[in-house]
Structure formats: structure tokens, C-alpha cells
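Numbering (the UniProt record's numbering), first residue to last: 1 to 692. In this text, a Cβ means the ideal position worked out from N, Cα and C, and glycines have one as well. Note that this is a predicted model, so its numbers are computed, not measured. What follows is a set of notes on a single structure, which appears directly below.
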């Protein structure tokens, strides 16, 4: 049994506090909770019509779950008494703990005391609203909400948020999403978000899981959650906040959580097979789609509407996304064409025109022909008229035709409204019962389809190995930045592909070294971090005179000179960067390199360890990749050598993860096929007083 079993699915609930506690009692009674409810109050004889007890010791038994809605100091006392009584768990409502550390010296101490008081008894929070179990009618929730109890035998989604207000807002949705459980995580003082999620997905009434994440509680915990979700075939959607600096600051002030790098967070979720969405509406729609269809097997969509305008909007909505509307084969096009008049141009998205509107047999024939193409999700764009002013009678003929087409082809289907308000909530349950997912808004529908398709793809791939968090945590002490010559010496010792080079103290040394290396050479000023910005590098120097002239120009800029054999036959330049993330350890970034790296922003982030397949897949996601394949007749690049070099650099970083704070290889010059990939520049940052 999961350690949160009694708390999540209680048979008895104890409630402590004043107005909020009374609301908890009233909410559970209103929802039809069949178990015992035991209010605890020092002076009242009853709360919301239920007999009140004076203390934990006076309760008839050890409660499965408790809502503790008293002040922060008293919360610690109550939790200690509950733990000693053998309670199943508690929700701690009070704020004033670690989230106040910036302005309250007591917050951190009190949170530590709270965790100690709980011992082995699970606690949720503090600084959170708690739990709504719509499946059993058990509410440890001190405020109003907009949800309804799940019918007997029905299933729904589970949602966990790190914001109680966002949780309330989600219960108020009118989009037809059936919710089985809703939880808030608060400060995660003892029980983290991933542990809560593990407890929820074990419930057979939960079909999928949605997470609003401000910070990850545990890398290992999320890896365990993702693996279990895959075993149970229960997909996970995440809305991870923290893209902006303002959001990261808000996260710290809200729950004292460490947001970490957004790019690393995105890479982590991708590695786990958890789909990421960026808005609350997309979050709701993706959960709804997954609730009905589960993960999609691919990215191929079809769209049908009786409007050319809607067809165009649908086509544009797929631009830049993974999901797409593939062209129809000639055979499929002819099949669809045979069901329509001569004036209809058959395509995907399909505008079937109004010629067959309200002709149910004709629409059934067309829809059945279109859906027969083996698409992963079939969309019917349909906005309903206002029921207070118009008739909706004709719309049900269209729905019946689409339902028949889906059943005939055993296909997934969705009704997509262009405006969210044009799909009444009262229709959603029946649509889902008929196998048609009601998706509100075109953009949100595309987000949902992309998320479901991503999970389908991720689950078809081998499960990724656990990431290496050995370098996680904050950097210690100061930093030391070896110059390029020293950094490259370390890389050469690791067996990495670095062009031959030599340190030079003056112009004469530079000329001698260049003659020994062989022209052309590159000459650089040492001790300069961003050389191109200050003109601290000269390339393609082809004789001793040009080397001497360049050396005299560069010597005043740095601490010495570095002469290096020029890399020839370069096809493309990559950046291979590593930074120490406090949550995930060493994180790798691959992207278009060179002097325009910040301007182009063409990059992919990877967790370590990364396999060669991971690296190749990441390279293929870059806008640069067609250049590596020989874009428009250009020479093909040595992609195999690039992958080997990147894998070797990653291995070097992992072996020295405790010392390396940052490593930037920019550029890694990828040459023509058979001529390798070479580390042309390297910036290495080490922790102070450490050795690699």
C-alpha cells in the first residue's frame, strides 16, 4: 500500500481550526462523504452539525486524514499529536514557514520542527489548501470549488498544483474535464510533488495526471513517477513555470522552491516522456484528450469543416508544430472526392462545403471516407450556435455522422471549436461518451494533440537511464578559469579532437610555432573570454609576416599568445556547452555555434548521460541540421565524427563533474565527410581549489 493511501482515500477525517475547518466539514458533507468526520475545537460542541471533540486524544480513533487549519505554531503541536495517535496523514494549511525566510527568521526553523513533529506520518504542505477527492467525496479543502463528485464507476484525471489559487481556478473550468483528484503541494516540506503523484496514479479511477510545477522536489522521484506512469499507461502533462526571471523569483517567494534552469527542466521532462504545455487552457485540453484517447500513436492529423476559412486556420495552426496535416494520397483523395460534388476541392484540412450540410447520409459518407486515411487524430471543426437565441438541431446530424465515421474506422476523433465559448459545457459529457473529445479553441486543440503525440512517441522509445546528478547543488567557493591553452591541454589528455597548438610568449615564438605547425594557422590572445568581441583572434594566417604582425596586435589584449593549426574544410560550426544546474547536475546544450550563437538561438538541451542516439536526435532538431546533410549541393558534414566528439566531451564532463562549473566548446568545427570534427575554442571554468 502506498504511504499516502489513507490520506488520499480516507474513511475518517479529523478537522482542526475555525472558519476554514468548518468549511472543510461542510464541503465533505455536501459532497456526500460516506466516512466519519470528526471536528476538533477547544470550545465548540459542534461544527457544521457534527459533534466536536476537544483534542486529538479525545477522538474515537486514529483518523485516516486530517485538515490542520490552525496557526503555524499550533500546527506543529497538532501534527505531533496526530502522528503519536497513528493518523494516516495531514494537510497543513497555515503559511509562515520556509516561504517567508526572506523576511522572517522563524520560518525555516518552524518548517524543520513541523517535519520533525510529523515523523513517519505523511504531511502535505504547509502553506497549501490540501486535497479534493471527487471520486469518494472526501474534501480536505477550506474554500469553495467548482467541481462535482465523480459518478460511481466513472474515471477522471488527477491534478496537482503548487498554487492553491490555480487549483481553485481549474475546478471552475467549463470545458468538461472530469476530475477525480485535485491536490496542492505547498512547500513540499516533507512529501514532494512526485510522491503525491505516485499515490494518485495508483488509483484505478485515474486515467491521466496533470502537474503544475514550480520546482521539482526530486530528480529520482520524478524518474520513478515517469516509469510507473508508463507501466500503468497513465500519461502525464506538465505545465512548468519559470521561463522568465520574474517567474523564478515568484517561485522562490511562493513556496521557497528552487526553480532551476528552464531549459534543463524542459529537457528533463522530455527525457521522462512527460509532455509540457505552456498555458492553463492547453493543460486542460491536453488532459481531456488523454483522458479519452490516451497517447496518440503518431503526429498525423485530419481536419474537416464546412468552411474554407476554418480549413485555412487549421492548416496555419499546425505551422511550426510536430503535429501536421499530411497530404492525401491520390487513392484516398479520389475516395473522398467520390462522396462530394464536382465543385469541392479535396485536401487536408478538408472544406466539405455546405452542399451536404444537414444531409446526414451524405456527411456520413464523406466523413467515413476522410477518416479512413489512418490518421492518428481526426478533427471536426464545429462551433455551436448560441442556445439562447438559435437552434442547435442541425448540429447533431453532423455529430452523428462523425461518430459513425469514427466507429466504422475505429479511429480517434475530436470536436474542435474555434472559440471556447462556442462549445457548451452541457454537451461535453455526451460527446466524450460517444468517443468524440470536445476541444475548446484551435490553438489549444493543437497543443493537446502535440502533447498526446509526444507521449505516444516517447513511450515507444526505450526508457531513458537515470540522469547523472553527481554535480548537482550550488557551486562552492569561487571560480578559476584556465586560459585556452591549459583548457585544451586537458581536453587533449582526455583523447578529444583538438587541433595541434602551442603557447607563445611573444611574436618571435609565435612565428617559430606557426612554422612548426604548418600554415595556415590561427593566432589568439590568451586570457580573453570572448575573443571575437574584442578582436582577440586572427584566422587563416598563411605566412610568417602575417603571424608576426598579428602577434604584435594581439599581445596587448591578453596574457600571451596561442598558435593553432587552422581547421580546413569546415562545413558547419556547433556550440557544445555544459553548465552545472543546481537540480540536475551537468547539463549539455548543443546548438548552432560561432559568433552568432546568441543571435540565432538555435539550440537543444540534453541531460547526462546522453547516448549517441540522443545526441544524433538532438542534432536533427537543430535548424542547422540540413547544412550538415549537404544543403543545396554543399558538401556533407562528418556527422559521425561530430557525434563521437560530442559524446567524448560529455564523458569528459561527467568524469570531472565535481570540478567543472562550465565548459563551452565554441565552435566545434564539423568538417566534410571523413575529415572529422575539431574543438577550435574552449572555455573551461573550474571550482576554486579543485583539480581535474
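Problem set entry | beta strand (DSSP E) segment containing residue 131, residue limits | 131 to 133
Exercise. Which class does residue 603 belong to by DSSP, given the choice of helix, strand or coil?
Worked result: strand
Exercise. Nearest to residue 506 by CA position, among 499, 490, 523, is which residue?
Worked result: 523
Problem set entry | Pair within 8 angstroms by beta-carbon distance, residue 671 and residue 569 | yes
Exercise. Nearest-angstrom Cα distance between residue 535 and residue 292?
Worked result: 59 angstroms
Exercise. Which whole-angstrom value describes the C-beta separation of residue 438 and residue 427, a residue pair presumed to lie in contact below a C-beta threshold of 8 angstroms?
Worked result: Sure, about 7 angstroms apart at Cβ, within 8 angstroms.
Problem set entry | Under the three-state DSSP convention, the category residue 559 falls into | coil
For this session: Report the rounded CA-to-CA distance for residue 471 versus residue 124, giving the unit in angstroms.
Result: 29 angstroms
Problem set entry | the region 269 to 277 / the region 422 to 436 touching (three or more Cβ pairs under 8 angstroms) | Verdict: no, contact absent.
Problem set entry | residue 623 versus residue 591: straight-line alpha-carbon distance, rounded | Near 9 angstroms, if we compare the C-alpha coordinates of residue 591 and residue 623.
Exercise. Beta carbon of residue 499, beta carbon of residue 564: below 8 angstroms?
Worked result: yes
Problem set entry | Residue nearest to residue 213 in terms of C-alpha spacing, selected from 160, 91, 656, 227 | 160
Problem set entry | Local Cβ density within 10 Å of residue 19, reported as buried at 16 or more and exposed below that | exposed
Exercise. Residue 524 bridges to which residues according to DSSP?
Worked result: 537, 562
Problem set entry | Close beta carbons around residue 431, own chain, < 8 angstroms, minus the five adjacent residues each side | 176, 399, 415, 437, 438
For this session: Go to residue 301, then tell me how far its beta strand (DSSP E) extends in each direction, as first and last residue.
Result: 301 to 305
Exercise. For residue 404 versus residue 351, is the C-beta spacing smaller than 8 angstroms?
Worked result: The beta carbons of residue 404 and residue 351 sit no closer together than 8 angstroms.
Exercise. Near residue 145, which residues of its chain fall below 7 angstroms by C-beta distance, leaving aside the five closest residues on each side in sequence?
Worked result: 132, 168, 171
Exercise. To the nearest angstrom, how far is it from the Cα of residue 680 to the Cα of residue 303?
Worked result: The alpha-carbon atoms of residue 680 and residue 303 are separated by roughly 49 angstroms.
Exercise. Relative to the C-alpha of residue 76, which residue among 16, 651, 36 is closest?
Worked result: Minimum Cα distance to residue 76 is reached at 16.
Problem set entry | Contained beta strand (DSSP E) runs [length at least 3] in the UniProt domain "CoA-binding" (7 to 97), N- to C-terminal order | 12 to 17, 36 to 40, 65 to 69, 90 to 92
Problem set entry | Proximity winner among 185, 209, 447, 642, relative to residue 281 (alpha-carbon distances) | 447
Problem set entry | Inter-residue Cα distance where the pair is residue 103 and residue 379 | For residue 103 and residue 379, the distance between alpha carbons rounds to 52 angstroms.
Problem set entry | Nearest-angstrom Cα separation, counted from residue 455 out to residue 607 | Near 18 angstroms, if we compare the C-alpha coordinates of residue 455 and residue 607.
Problem set entry | Nearest-angstrom Cα separation, counted from residue 481 out to residue 662 | Distance between the alpha carbons of residue 662 and residue 481 is about 9 angstroms.
For this session: Note down, one range per segment and in chain order, each alpha helix (DSSP H) of at least 4 residues found wholly within the region 468 to 498.
Result: 484 to 493
For this session: Take every Cβ of the region 534 to 553, pair it with every Cβ of the region 489 to 496, and state whether three or more of those distances are shorter than 8 angstroms.
Result: Flag = no, the region 534 to 553 and the region 489 to 496 do not touch.
For this session: With distances taken Cα to Cα, identify the nearest neighbour of residue 126 among 112, 425, 349.
Result: 112
Exercise. Using the beta-carbon count (16 or more within 10 Å), is residue 138 buried or exposed?
Worked result: Classification for residue 138: buried.
Problem set entry | Under 8 angstroms between C-beta atoms of residue 99 and residue 107 | yes
Problem set entry | residue 318 to residue 272 span [Cα, whole Å] | 25 angstroms
For this session: Assuming residue 468 contacts residue 609 (C-beta within less than 8 angstroms), just tell me the rounded distance between them.
Result: 6 angstroms
Problem set entry | CA nearest to the CA of residue 323, picked from 309, 241, 329, 296 | 296
Problem set entry | 4 or more residues per run - each alpha helix (DSSP H) lying fully within the region 289 to 376 | 308 to 317, 330 to 337, 360 to 371
For this session: Report the residue from 584, 412, 332 whose alpha carbon sits nearest the alpha carbon of residue 453.
Result: 412
Exercise. Pick from 68, 236, 178, 316: whose alpha carbon is nearest that of residue 197?
Worked result: 236
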